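Chains as they are written, first to last, in the numbering used here: chain A, 1 to 377; chain B, 378 to 754.
Beta carbons are placed, not taken as given, at the ideal position from N, Cα and C, and that holds for glycine.
Here the structure is a predicted model, which is why all the values come from computation and not from measurement.
Beneath this line is the structure, given in structure tokens, with notes to follow.
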């Protein structure tokens with residue numbers, strides 16, 4: 001029982017896949033991994049605050065190959081995709097990305113992918129951490145829809161930070177400057193097949209390079225690092241600090257099958273009036289009519305810098321009564337504040353509500369504040 | 378780039394859940410974790426060979442709470458369960474467990490859970506690592522079936538090893554001696570609600586104690602350890618060595634959506650003649666008629682003890698030609714041999730075939746041998 005205080009290592013085994021960029025992440029000093037969509041994902045290259053400043057000041061290269069793609073193709077592909085999400089996709093163009101929620105029959109969140117339209121009849125769902133391949137296949141089963149659903153060999157590599165724009169221009173040419181937020185283009189780089197999307201996971205400028213042949217993983221990584229030297233590029237992980245500053249929720253932590261879009265304040269991603277019978281529509285209609293009991297709120301956690309962040313939800317109380325939980329929290333070096341997300345009894349999600357966080361290290365006062373904490377660059 | 382050789386740690390975060398036994402596993406010296414079904418799973422308490430001998434000689438306590446349960450209940454529950462698996466369940470009784478495969482529309486393996494029948498109209502699928510909750514909900518969607526599908530608060534704790542029988546008798550009473558292999562009983566232990574099943578993941582005697590209230594995790598662990606002292610109980614992880622000796626495949630490593638039951642030699646788990654239109658039936662009929670191109674085989678890998686085991690599939694060649702891959706391998710201290718599973722071109726899966734393994738450390742000769750390597754106790 002002596003090893004309680006040494007940090008446990010991650011067990012590698014053939015049950016969990018390595019990303020095409022895995023060797024590079026090891027070589028560049030990755031010190032911690034988690035597992036996401038049955039693959040290893042880097043979570044640290046040393047001090048997360050260093051990664052954060054690189055992302056805030058320069059440009060970071062991040063292995064996000066765990067964002068697996070579910071490809072839905074065929075004559076009924078658009079119908080199936082529309083059945084999977086409450087968002088209205090009527091006007092979605094080829095070349096466009098959309099942030100969407102997938103909901104189950106109760107309106108609970110199955111996943112919050114980025115949807116890409118590659119052709120009229122071909123889509124990718126670029127996933128958060130749940131088996132949407134099984135979900136989509138299951139929903140399609142017995143529907144009589146003429147679709148092919150599979151996971152293609154596609155592995156995103158992200159560059160993000162204020163200098164990502166210059167780096168992308170050097171890599172791909174001037175057209176990248178014209179690429180609008182949440183649009184993509186299919187290209188080749190030194191013979192490597194890519195799709196370049198202007199999407200990310202922070203308030204900073206970002207591009208995701210969807211590598212369409214895993215054999216080139218190491219080659220693409222080194223090509224990007226080489227081109228990134230003038231921009232002080234370095235490896236990083238998707239920054240928890242940056243994504244919380246930007247008000248971006250993390251599937252599994254901040255939302256699960258037990259939360260619905262309205263509780264999360266994501267009403268803009270639900271269209272109950274559209275003429276599509278998406279999964280969860282009846283339940284979401286009911287919830288919209290009845291109103292929600294819980295609401296996600298931004299919170300500022302008072303006192304000095306948090307000595308540790310939560311590894312599980314931390315309870316929240318109001319006058320000694322349990323009223324919710326903090327799902328994610330972090331110290332923001334830029335804002336010089338502790339910030340987080342709290343899922344609270346709906347009336348308490350009003351701005352200015354004062355609450356008590358029951359943190360692992362003791363009680364701390366906190367206040368409901370506006371989200372996002374930081375506007376997009 | 379200096380940290381290439383230090384073992385990376387596991388990143389803890391609220392995105393991945395902790396088991397009710399997590400604190401106990403930390404306290405008892407767990408040194409490595411992986412993630413399985415979106416939860417942390419212990420993979421080492423030091424030397425895996427020590428764990429192996431404990432399991433071979435005494436009794437081990439293993440946190441297997443990652444075996445999440447999908448509960449399917451309601452008037453059409455049996456119909457839905459039968460639709461999810463090619464195994465014929467016609468004669469399945471309440472109180473019985475069955476090892477089943479779930480297949481997709483192509484006959485590929487979605488999961489290989491243990492199915493438990495709690496009542497005529499209530500079932501649990503005790504899962505390997507994939508989101509069967511989404512799969513089952515998806516298949517049920519639009520089927521018109523009257524079922525409730527959810528994940529209950531149930532967390533299995535396993536005791537296994539030759540002394541597990543004595544320990545189970547001390548904990549639960551003499552009736553446990555009468556509990557047949559793959560049967561279960563619902564009981565209370567000091568007020569803790571449990572379901573005790575005679576199931577495991579090795580050739581040794583084993584019981585899984587399905588804890589039905591996560592708040593009692595630490596309490597159950599300590600109760601079992603206390604009762605296990607006379608039997609030299611100690612913490613361990615599901616042993617890779619033991620499960621390979623027993624010929625037990627691991628989902629994600631040895632089988633995935635890309636393999637079908639016939640390729641895996643699991644024909645006994647498929648009944649194409651039954652009057653049930655299970656998912657994948659048409660595809661499996663076609664595969665049965667055409668024959669398979671690949672087959673899983675047991676292999677003995679020659680030479681000295683393997684210096685390392687595979688972290689990804691290792692290629693296999695015959696006379697310089699690629700013919701398949703080793704999906705799992707290990708050194709068996711009891712058999713004093715290196716053993717493993719190889720997915721091979723079907724004609725080469727014949728006993729006695731000699732092959733070359735392209736291991737990370739060099740080429741090694743290997744031979745197809747009978748499975749399992751060790752018979753059940």
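Rounded to whole angstroms, what is the Cα-Cα separation between residue i and residue j?
{"i": "residue 61 of chain A", "j": "residue 22 of chain A", "result": "13 Å"}
{"i": "residue 41 of chain A", "j": "residue 553 of chain B", "result": "43 Å"}
{"i": "residue 729 of chain B", "j": "residue 745 of chain B", "result": "5 Å"}
{"i": "residue 155 of chain A", "j": "residue 15 of chain A", "result": "18 Å"}
{"i": "residue 219 of chain A", "j": "residue 193 of chain A", "result": "12 Å"}
{"i": "residue 359 of chain A", "j": "residue 315 of chain A", "result": "7 Å"}
{"i": "residue 243 of chain A", "j": "residue 147 of chain A", "result": "35 Å"}
{"i": "residue 118 of chain A", "j": "residue 178 of chain A", "result": "19 Å"}
{"i": "residue 602 of chain B", "j": "residue 534 of chain B", "result": "12 Å"}
{"i": "residue 339 of chain A", "j": "residue 349 of chain A", "result": "15 Å"}
{"i": "residue 676 of chain B", "j": "residue 687 of chain B", "result": "14 Å"}
{"i": "residue 748 of chain B", "j": "residue 491 of chain B", "result": "21 Å"}
{"i": "residue 341 of chain A", "j": "residue 48 of chain A", "result": "19 Å"}
{"i": "residue 734 of chain B", "j": "residue 402 of chain B", "result": "36 Å"}
{"i": "residue 700 of chain B", "j": "residue 624 of chain B", "result": "21 Å"}
{"i": "residue 143 of chain A", "j": "residue 182 of chain A", "result": "31 Å"}
{"i": "residue 217 of chain A", "j": "residue 63 of chain A", "result": "10 Å"}
{"i": "residue 222 of chain A", "j": "residue 17 of chain A", "result": "21 Å"}
{"i": "residue 563 of chain B", "j": "residue 572 of chain B", "result": "4 Å"}
{"i": "residue 127 of chain A", "j": "residue 387 of chain B", "result": "22 Å"}
{"i": "residue 695 of chain B", "j": "residue 509 of chain B", "result": "37 Å"}
{"i": "residue 301 of chain A", "j": "residue 337 of chain A", "result": "7 Å"}
Leaving aside the five residues before and after residue i along the sequence, list all residues of the same chain whose C-beta is less than 6 Å from its C-beta, in chain order.
{"i": "residue 379 of chain B", "result": "Note on residue 379 of chain B: pLDDT 42, under 50, position unreliable in the model; the coordinate value appears next. Nothing meets the Cβ criterion."}
{"i": "residue 381 of chain B", "result": "Residue confidence for residue 381 of chain B is low, a pLDDT of 47 falling below 50, so the modelled location carries little weight; the figure read from the coordinates is stated next. Excluding sequence neighbours, residue 381 of chain B sits near nothing in its chain."}
{"i": "residue 145 of chain A", "result": "76 and 80"}
{"i": "residue 513 of chain B", "result": "447 and 526"}
{"i": "residue 574 of chain B", "result": "474, 561 and 585"}
{"i": "residue 501 of chain B", "result": "446, 448 and 493"}
{"i": "residue 354 of chain A", "result": "367"}
Check residue i in the structure and name its three-state DSSP category.
{"i": "residue 654 of chain B", "result": "coil"}
{"i": "residue 52 of chain A", "result": "helix"}
{"i": "residue 65 of chain A", "result": "coil"}
{"i": "residue 145 of chain A", "result": "coil"}
{"i": "residue 749 of chain B", "result": "coil"}
{"i": "residue 602 of chain B", "result": "helix"}
{"i": "residue 352 of chain A", "result": "coil"}
{"i": "residue 10 of chain A", "result": "strand"}
{"i": "residue 474 of chain B", "result": "strand"}
{"i": "residue 687 of chain B", "result": "coil"}
{"i": "residue 714 of chain B", "result": "strand"}
{"i": "residue 301 of chain A", "result": "strand"}
{"i": "residue 490 of chain B", "result": "coil"}
{"i": "residue 154 of chain A", "result": "coil"}
{"i": "residue 123 of chain A", "result": "strand"}
{"i": "residue 381 of chain B", "result": "No answer about residue 381 of chain B holds up, because its pLDDT of 47 lies below 50 and its placement is not dependable."}
{"i": "residue 245 of chain A", "result": "helix"}
{"i": "residue 411 of chain B", "result": "strand"}
{"i": "residue 292 of chain A", "result": "coil"}
On the DSSP bridge list, what partners appear for residue i?
{"i": "residue 736 of chain B", "result": "B/739"}
{"i": "residue 207 of chain A", "result": "A/159"}
{"i": "residue 73 of chain A", "result": "A/122 and A/148"}
{"i": "residue 325 of chain A", "result": "A/315 and A/343"}
{"i": "residue 102 of chain A", "result": "A/111"}
Using a Cβ-Cβ cut-off of 7 Å (strictly less than) and excluding sequence neighbours within five positions of residue i, which residues of its own chain qualify?
{"i": "residue 432 of chain B", "result": "537, 538, 579, 581, 613, 616 and 619"}
{"i": "residue 656 of chain B", "result": "460, 461, 480, 481, 482 and 516"}
{"i": "residue 451 of chain B", "result": "498, 523, 524 and 525"}
For the ligand NAD, I want to know if residue i counts as a neighbour, meaning its beta carbon is within less than 6 Å of at least one of the ligand's heavy atoms.
{"i": "residue 641 of chain B", "result": "Inclusion of the ligand NAD in the displayed structure is not the case, the ligand content being empty and no account of it being possible."}
Any chance the segment 204 to 224 of chain A sits against the segment 158 to 166 of chain A, with 3 or more Cβ pairs inside 8 Å? yes
With contact counted as at least three CB pairs below 8 Å, one residue from each stretch, are the segment 324 to 333 of chain A and the segment 280 to 291 of chain A in contact? no
Pair every Cβ in the segment 266 to 277 of chain A with every Cβ in the segment 356 to 372 of chain A, then say whether three or more of these pairs are closer than 8 Å. no
Is the segment 485 to 505 of chain B touching the segment 634 to 643 of chain B, taking contact as three or more C-beta pairs under 8 Å? yes
Would you say the segment 461 to 469 of chain B touches the segment 407 to 424 of chain B, given that touching needs at least three Cβ pairs under 8 Å? no
Could you tell me whether the segment 26 to 36 of chain A touches the segment 97 to 108 of chain A, using the rule of 3 or more Cβ pairs below 8 Å? no
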